[in-house]
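Student:
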Amino acid sequence: MVKKTVFIFVVVFSFVAVSQEMRIGLFRKSKIAKVEMIVEKGVYEIFNDTAIICRLQEGEKVLLSYLSANVQVTKSGVIQGVASSFRIVPLMQNSVMELAPIQPALKKRHYNDGFEVSLEATSLKLINVVDMNNYLSGVIESEGGGGRHMEYYKVQALMSRTYALKNIQRHKKEGFQLCDGVHCQAYHSKLKHTPTIQQAVEATSGEVLVDAKNELVTSYFSANCGGQTCDAAYVWNTSVPYLESFVDTFCIHTRQATWEKRIKKSEWDAYLNKEFGLDKLGYELGDLKYNFTSDQRKAFYIHPSLGIPLRDLRQKFNLKSTFFSTRLEGVEVVISGRGFGHGVGLCQEGAMQMAFNGYTYQQIALFYFSNVEVIDYFRGNFFNQSIDQEQGL
Ligand SMILES: [Zn+2]
Ligand SMILES: [Zn+2]
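Going from the sequence shown to our numbering is simple: count from 1 and add 1.
1) For L65 versus L125, is the C-beta spacing smaller than 9 angstroms?
2) Closer than 8 angstroms to a non-hydrogen atom of ligand 1 - does that hold for the CB of L166?
3) Using a Cβ-Cβ cut-off of 7 angstroms (strictly less than) and excluding sequence neighbours within five positions of C348, which residues of its own chain qualify?
4) Out of Y302, Q316, K317, state which residue places its alpha-carbon closest to the alpha-carbon of P310.
5) What residues in its chain sit with their C-beta under 8 angstroms from that of I128, if we drop five residues either side in the sequence?
6) For the alpha helix (DSSP H) containing R256, list its first residue and its last residue.
7) Taking the C-alpha atoms as reference points, what is the distance between E412 and E142?
8) Of the choices M133, T197, T323, whose alpha-carbon is the least far from that of E208?
9) With a threshold of 7 angstroms on Cβ separation, who are the neighbours of P91 within its own chain once the five nearest residues in sequence on each side are excluded?
10) Can you say whether R339 is buried or exposed, counting buried as having 16 or more other CB atoms within 10 angstroms of its CB?
11) Which of the three DSSP states, helix, strand or coil, is assigned to T75?
12) Could you check if R24 belongs to the surroundings of ligand 1, using beta carbon to heavy atom distance under 8 angstroms?
13) Can you name the start and end residues of the beta strand (DSSP E) that M23 belongs to?
14) Measuring only the C-alpha atoms, how far is K317 from L273?
15) Check this for me: beta carbons of T205 and R162, under 9 angstroms apart or not?
16) Assess, as a yes-or-no matter, whether the stretch 351–361 is touched by the stretch 268–284 under the definition of 3 or more beta carbon pairs within less than 8 angstroms.
17) Could you check whether V140 and S96 sit closer than 9 angstroms to each other, using their CB atoms as the reference points?
18) With distances taken from CA atoms, which of G283, R298, H304 is nearest L289?
19) To the nearest angstrom, how far is it from the Cα of P397 to the Cα of R149?
20) Can the beta-carbon of E22 be found closer than 9 angstroms to that of V156?
21) Which of the three DSSP states, helix, strand or coil, is assigned to V211?
22) What's the call for I80, buried or exposed, on a 16-neighbour Cβ count within 10 Å?
23) Using C-beta distances below 7 angstroms, list every residue in its chain close to G145, excluding the 5 sequence neighbours before and after it, in chain order.
24) Quick test of your reading: K266 and V332, contact by CB under 8 angstroms. State the CB separation rounded to the nearest angstrom.
25) With N292 and T327 assumed to form a contact (beta carbons below 8 angstroms), what rounded beta-carbon distance in angstroms separates them?
26) For L307, I'd like the list of residues in its chain whose CB is within less than 6 angstroms of its CB, leaving aside the five on either flank, ordered along the chain.
27) Indicate whether D50 and S77 have their beta-carbon atoms separated by less than 9 angstroms.
28) Determine the burial state of L68: buried for a count of at least 16 other Cβ atoms within 10 Å of its Cβ, exposed for fewer.
29) Could you spell out the range, first to last residue, of the alpha helix (DSSP H) harbouring N274?
30) Per DSSP, G338 is paired with what?
Structure below.
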């Protein structure tokens, strides 16, 4: 008898519901009364509550109008249906529809996948029912543009997906999940020019950032932290364990690393006196009130006891960041600053530099958010199984 051991290694992946649908409210800043929809790619069918009312081939278009508290669908001048809502469903993946608002006349936009058209007050409510990855690709291109490193786009995909899932209830009352404006995430188009973005979104499909409690992270980011990220508490008065301040040397030689602004001394004095009563302290600060050095992130100007938050100065004088020093030069207060934005969370220019230097997207995410983990949002659907089988021949 020959004894033979056969080792069978079975890997079973079961991806369940990795492709998720999002419902995004479109043209939220306008009250659309008439919109033309033109099929750019694929075939679409339009349904009312109960049945299909028409089919649209590539290049064909319909006009949707608000009419006496109903939606009217017209094709080539012929009314196809009048109802309170319609679903516009693609027959294949990655179909593309052009949306051209006629009343008011707005710039055309292009979106993937399906749509729902219903009513709100005296206008149409347009919802894009879109595959999560198609949505994220459109968002990343709308917000960041092209020409970046693949690993950087992967970090953006991770952040954007985490944001979308964390805020999925934000517009629940209005019947969709997120809007298309900066209130949620700018989404002005499907992906158009940057295939790398789609590759990055697909390579990280389903992945999100969670904190030590396994909760989705609030994925803050800003353009440039100036060499030290800002504690969330300095900006919003609330501490977040994974958003503490730390030194970032990746962004200090980039475009927006430093800046300078000059304010008239009289204007500076007037604001500090009016808002914080510096002229009523009972003692004179003299020129000390212009000599402020911040070699590291601080929350207050000069001294915390004066109670002058740097974020107030930033807002009042429209400064690029709260990370600055001041000095007096003649009749001007010279403000020398570092970074651009609130500085909390991921530093975009630093992250781009890390990607360029060869760090992976996971390393970049874990550098900017402490004690977080990258997980598959749909985890638990994958397991390994090995069978050591003895077989006699
Ligand atoms: Zn929104
Ligand atoms: Zn930075």
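Cβ coordinates follow ideal geometry from the N, Cα and C atoms, glycine included.
Tutor: Looking at the coordinates:
1) It is a contact, given that the beta carbons lie within the stated cut-off.
2) L166 Cβ: outside cutoff for every heavy atom of ligand 1.
3) Hits under 7 angstroms: S223, N225, C226, T230, D249, C252, Y369.
4) For the residues Y302, Q316, K317, the minimum Cα distance to P310 belongs to Y302.
5) If the five residues before and after I128 are omitted, its C-beta is found closer than 8 angstroms to the C-beta atoms of R24, I25, G26, L27, F116, E117, V118, S119, G176, F177, all from its own chain and listed in chain order.
6) Bounds of any alpha helix (DSSP H) do not take in R256, whose DSSP letter is neither H nor E.
7) Since the displayed the chain opens at 2 and closes at 394, residue 412 lies outside it and no answer follows.
8) Measuring from the Cα of E208, the nearest candidate turns out to be M133.
9) Beyond the five residues adjoining it in sequence on each side, P91 comes within less than 7 angstroms, by CB distance, of G43, Y45, D114, G115 in the same chain, given in chain order.
10) Result: buried.
11) Of the three classes helix, strand and coil, the one that applies to T75 here is strand, per DSSP.
12) The beta carbon of R24 sits no closer than 8 angstroms to any heavy atom of ligand 1.
13) Taken as a continuous stretch (DSSP letters only), the beta strand (DSSP E) holding M23 covers 22–26.
14) Cα to Cα, K317 sits roughly 11 angstroms from L273.
15) Contact annotation: T205 and R162 have beta-carbon atoms nearer than 9 angstroms.
16) Touching, no.
17) In this structure, V140 does not lie closer than 9 angstroms to S96 by Cβ.
18) Nearest C-alpha to L289: H304.
19) This structure leaves residue 397 out entirely; the chain is present only between 2 and 394.
20) Result no, Cβ atoms of E22 and V156 do not sit closer than 9 angstroms.
21) Strand.
22) It counts as exposed.
23) Hits under 7 angstroms: Q157.
24) Contact flag correct, Cβ pair sits at about 5 angstroms.
25) Sure, about 7 angstroms apart at Cβ, within 8 angstroms.
26) Only residues of its own chain outside the window of five on either side were considered, and among them none has a CB closer than 6 angstroms to the CB of L307.
27) Contact flag unset, no.
28) L68 should be labelled exposed.
29) Looking at the DSSP string, the run of the alpha helix (DSSP H) that includes N274 is 266–277.
30) Beta-bridge pairing by DSSP links G338 to W260, F325.
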